[in-house]
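Following: one structure in structure tokens, then a few remarks.
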DNA sequence: GTGAAAGCGCTAACAA
DNA sequence: TTGTTAGCGCTTTCAC
């Protein structure tokens, strides 16, 4: 690391005390308990500190002694920088930051590359607790967090019996989408979903992989869809489900393409995120398919971009999730049982879902 | 803070060593220098650690000993959560996060309420260095950072002779905007700018406040405009400049309204940020003014939303700024002189700037 | 109001 | 390969 122009010579509390001819306690008090010494002495201490270039008590040493770091650690599924690219993650972070600043706590973003097993960054994090945002149930970083003797709150996934959690009812939420499409008359659908496990599988998802998904959120959404459409007489085994490891609009577009290529008869594409749906929308446009006349597309999350695009989707309170997670973590109450906060969602009827093309012919025709 | 279900009893490296009948060094080595002891012994150590619920070396104690925190601190002008609401700040953060993850460093967001003088959070931050993002030159948090014996890099502002800095040439950049408008024929302009100092002044800005602005970036932009328009024969003292403390579209709208109410003859509104310009655009629409036929509006930053709105603006490489700041800080080279990175900007010709209304009559008429 | 003593939990020389 | 010694810089009883 570069040496700054402002590096001071290493004066310490002890050397300051020696210089002043007082005890270390007195110097410490000058900083931490102004009322414990005379204003005059305090002035002298601070004055001498300035002269010696003493920067005040070392935060790390203080943390060691007080057993408080004054910061919350955040563990994400993705590379650190991804958090600033995904609108839903940004909203979550804003909420979490809100909770942290209310409690005057720092927020430490822990670098955790999902494609690496290296958990040293978790071990090195000097924090009083962790918030874990949407990671697979077999994430080694998560395991490392849980080994740390500090409180932890998980947002979204995984669901752990002994850990505080904030989330939504994914199955119920996606069921609203499914029922809406079923009512509109859709029976031939395709599904685009996010990463189901830590291994990259960009393509069709066989049923066993759906059921074994290490991301509870995605698993629930698929399960919800399967149940709803099965009730409507759809054979789920025939429904094309395509997975994408990365999460951006290009992936949404290519996944949509993959489904439409294989099964052009599809009338609706259900995406498990707005980002993917926005990509699917692009692909539909590219193919000259009108939405929703030729193809219905739905998303999930309710990000601004989706709203602007008029996407039919489910809104979930991302900011509130972040805030709730922070509050849960920073809440002073000592609790014995793990707490769960389940937030509400709302079906947003946009302009990208409509009756299937040629519905009459298919359902009421000859 | 809530007690987690995962709090272990406090086994330490020493107690583990005692239990095993080996020295603390050996246990330490088992974690930090696997090659320094036999695989067999290491296995025993780790195995016993698990049995005792020893979570591995305490990160804070380790930091104290090694004098490395493994994290970079970030100080922002605004409340923590603001960083996730401003697209330019988000871009900067993404770049900084990129640099941090490359170096395997954590990123600690330090809570620093700009309306409070409390700098304790800076003192408590266990970090190896600071990045300071766009703060006023008299910010007490900045002063506290500079007192800390760690390297520091400032992005944008303030300009400090002895501190590494990343920024752009604000005066040159805004001059491009000014010259563009001057060429189009604008002589009666208004300016909407961001906060000029730590005190809230939502309204017109007298010349002395412009010159005394504690935010170097805003000061330079105003100075650049003043110089360019003076060259074009405009009396800068007559140009209405309105300041807003908060940074959002509502503020941009109300500032635009304030100027238009006072001086309806204005033909162009120069805003020192895209967010403010987007707000001004809203206000123009609300008043039934066509842009650019009735009113020209320009921004600064080049955020996505501006692009979508077709705003005429200056694009600055926000992500690159973040990355450069991180690189500068984490760069291993020991440097003696402070370094400065000045990044390029680009005038974006959108659709919100055009010739002034009735330009002919005014300039070539009777 | 001030000081002495006792660690917080760990790592890094160096010695064995 | 393992252990001994010596702190990192600070806060906190508890006496005075």
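Chains as they are written, first to last, in this note's numbering: chain A, 1 to 366; chain B, 1001 to 1366. Note that beta-carbon positions come from the ideal geometry of N, C-alpha and C, so glycine has one too. Nothing here was measured: the structure is a model prediction, and the numbers come from that model.
Check the Cβ of residue i against every Cβ in chain B and list those closer than 7 Å, keeping chain order.
i, result
"residue 204/A", "Result: empty, since nearest Cβ-Cβ is about 32 Å, beyond 7 Å."
"residue 214/A", "What residue 214/A touches in chain B: nothing, since even the nearest Cβ is about 20 Å away."
"residue 84/A", "1090, 1093, 1094 and 1097"
Which residues in the same chain as residue i place their Cβ atom closer than 8 Å to its Cβ, once the five residues preceding and following it in sequence are excluded?
i, result
"residue 358/A", "none"
"residue 1323/B", "1095, 1096, 1098 and 1099"
"residue 1278/B", "1249, 1252, 1299, 1305, 1306, 1309 and 1311"
Cutting at 6 Å between CB atoms, please list the residues of its own chain near residue i, excluding the five before and the five after it.
i, result
"residue 355/A", "184 and 185"
"residue 1205/B", "1241 and 1243"
"residue 89/A", "83"
"residue 1144/B", "1119 and 1122"
"residue 210/A", "222"
"residue 268/A", "181, 186, 189 and 296"
"residue 317/A", "343"
"residue 166/A", "155, 321, 324, 325 and 341"
Determine the chain A residues that contact residue i at a beta-carbon separation under 7 Å, and present them in chain order.
i, result
"residue 1059/B", "123, 124, 125 and 126"
"residue 1079/B", "101"
"residue 1063/B", "60 and 126"
Give the residues of chain B in contact with residue i, contact being defined as C-beta atoms less than 8 Å apart.
i, result
"residue 110/A", "1106"
Would you call the CB atoms of residue i and residue j closer than 8 Å?
i, j, result
"residue 1276/B", "residue 1252/B", "yes"
"residue 1192/B", "residue 1237/B", "no"
"residue 274/A", "residue 306/A", "yes"
"residue 122/A", "residue 110/A", "yes"
"residue 85/A", "residue 1094/B", "yes"
"residue 962/B", "residue 1347/B", "This structure cannot settle anything about residue 962/B, because the visible part of chain B is limited to 1001 through 1366."
"residue 15/A", "residue 1101/B", "no"
"residue 138/A", "residue 198/A", "yes"
"residue 150/A", "residue 75/A", "no"
"residue 179/A", "residue 228/A", "yes"
"residue 328/A", "residue 341/A", "yes"
"residue 60/A", "residue 1069/B", "yes"
"residue 1042/B", "residue 1055/B", "no"
Helix, strand or coil, according to DSSP, for residue i in the structure here?
i, result
"residue 146/A", "helix"
"residue 209/A", "helix"
"residue 364/A", "Any reading at residue 364/A needs caution, since the residue's pLDDT is 42, under 50, leaving its predicted position unreliable; the model's value is listed next. If DSSP states are grouped into helix, strand and coil, residue 364/A belongs with the helices."
"residue 290/A", "coil"
"residue 31/A", "helix"
"residue 117/A", "coil"
"residue 1131/B", "strand"
"residue 26/A", "helix"
"residue 1047/B", "helix"
"residue 1357/B", "coil"
"residue 139/A", "coil"
"residue 1165/B", "strand"
"residue 349/A", "coil"
"residue 318/A", "helix"
"residue 11/A", "coil"
"residue 229/A", "helix"
"residue 1108/B", "strand"
"residue 1336/B", "coil"
"residue 1367/B", "The shown model of chain B, from 1001 to 1366, leaves out residue 1367/B, and the question about it has no answer."
"residue 1095/B", "helix"
"residue 126/A", "coil"
"residue 203/A", "strand"
"residue 234/A", "coil"
"residue 1021/B", "coil"
"residue 343/A", "strand"
"residue 1190/B", "strand"
Residues in the same chain with beta-carbon distance under 7 Å from residue i, minus the five sequence neighbours each way, listed in chain order, please.
i, result
"residue 1046/B", "1030"
"residue 7/A", "Here the model assigns residue 7/A a pLDDT of 41, short of 50, so the residue's position is not dependable, and the following value carries that caveat. So no residue of the chain qualifies."
"residue 1361/B", "Confidence in residue 1361/B is poor, its pLDDT being 47 and thus under 50, which makes the residue's placement unreliable; the coordinate value appears in the next sentence. Nothing listed; no residue qualifies."
"residue 1105/B", "1070, 1071, 1072 and 1330"
Can you pull the chain A neighbours of residue i, defined as C-beta to C-beta under 8 Å?
i, result
"residue 1373/B", "With chain B covering 1001 to 1366 only, the question about residue 1373/B has no answer from this structure."
Residue i versus chain B: which residues are under 9 Å apart at the beta carbon?
i, result
"residue 56/A", "1123, 1144, 1147 and 1148"
Note down, in chain order, every chain A residue with its Cβ under 9 Å from the Cβ of residue i.
i, result
"residue 1069/B", "59, 60, 124 and 126"
Handout entry: Sequence ranges, beta strand (DSSP E) only - wholly within the region 243-310 of chain A, length at least 3
Key = DSSP runs (the beta strand (DSSP E)) wholly in the region 243-310 of chain A: 268-271 and 296-298.
Exercise for the section: Please specify which runs of the beta strand (DSSP E), each continuous and at least 3 residues long, are wholly inside the region 1061-1092 of chain B, giving them in chain order. Expected result: DSSP runs (the beta strand (DSSP E)) wholly in the region 1061-1092 of chain B: 1071-1076.
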